[in-house]
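See below for the structure under consideration.
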């Protein structure tokens, strides 16, 4: 029962989904403005992206007129996990400035699946 409670708690944490664009997201990733308005007021300058396998990256949260962006550190994260155009990412805020990230890839016949060897 306790593990069920943990899963329910996790699903209630603030999260968002982004579809990776090889055109727009090579150097930075803009966080959804609606999510930032509700949950991003206290995001620190340095954030951590953590995959399911425990691998971590530090990215800088840049706040500019167009919104909040993962900037410095994002290109390394993108390269290291070999993001491809159309991959979907879920970001779950598990602690102050720490995001648990899951990557989904569209497979044959449009089926999606978590890329387990990376996270």
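In UniProt numbering, the protein residues as written are 1 to 119. Cβ coordinates follow ideal geometry from the N, Cα and C atoms, glycine included. Predicted model only: the values in this text are computed from it and were never measured.
### Query
Residues in its own chain within less than 7 angstroms of residue 77 by CB, not counting five upstream and five downstream?
Counting only Cβ-Cβ distances below 7 angstroms, and skipping sequence neighbours, we find 49, 57, 59.
### Query
Can you tell me where the beta strand (DSSP E) with residue 101 in it begins and where it stops?
Residue 101: member of the beta strand (DSSP E) spanning 98 to 106, first to last residue.
### Query
If residue 38 and residue 69 are in contact, beta carbons under 8 angstroms, what's the gap, nearest whole angstrom?
Not really, about 17 angstroms apart at Cβ, beyond 8 angstroms.
### Task
Starting from the C-beta of residue 82, find all residues in its chain whose C-beta is less than 6 angstroms away, skip the five residues before and the five after it, and write them out in chain order.
none
### Task
Measuring alpha carbon to alpha carbon, tell me which of 15, 80, 34 ends up nearest residue 66.
34
### Message
Check this for me: beta carbons of residue 51 and residue 101, under 8 angstroms apart or not?
### Response
Going by C-beta atoms, residue 51 is nearer than 8 angstroms to residue 101.
### Message
Contact defined as beta carbons within less than 8 angstroms: I believe residue 20 pairs with residue 71. What is the distance between those atoms, to the nearest angstrom?
### Response
No, residue 20 and residue 71 are not in contact; Cβ-Cβ is about 16 angstroms, not under 8 angstroms.
#### Entry: Inside the segment 37 to 64 only - beta strand (DSSP E) runs reaching at least 3 residues
46 to 51, 56 to 64
### Task
Under 8 angstroms by Cβ, that's how I've got residue 93 and residue 13 pegged, so tell me the actual separation to the nearest angstrom.
6 angstroms
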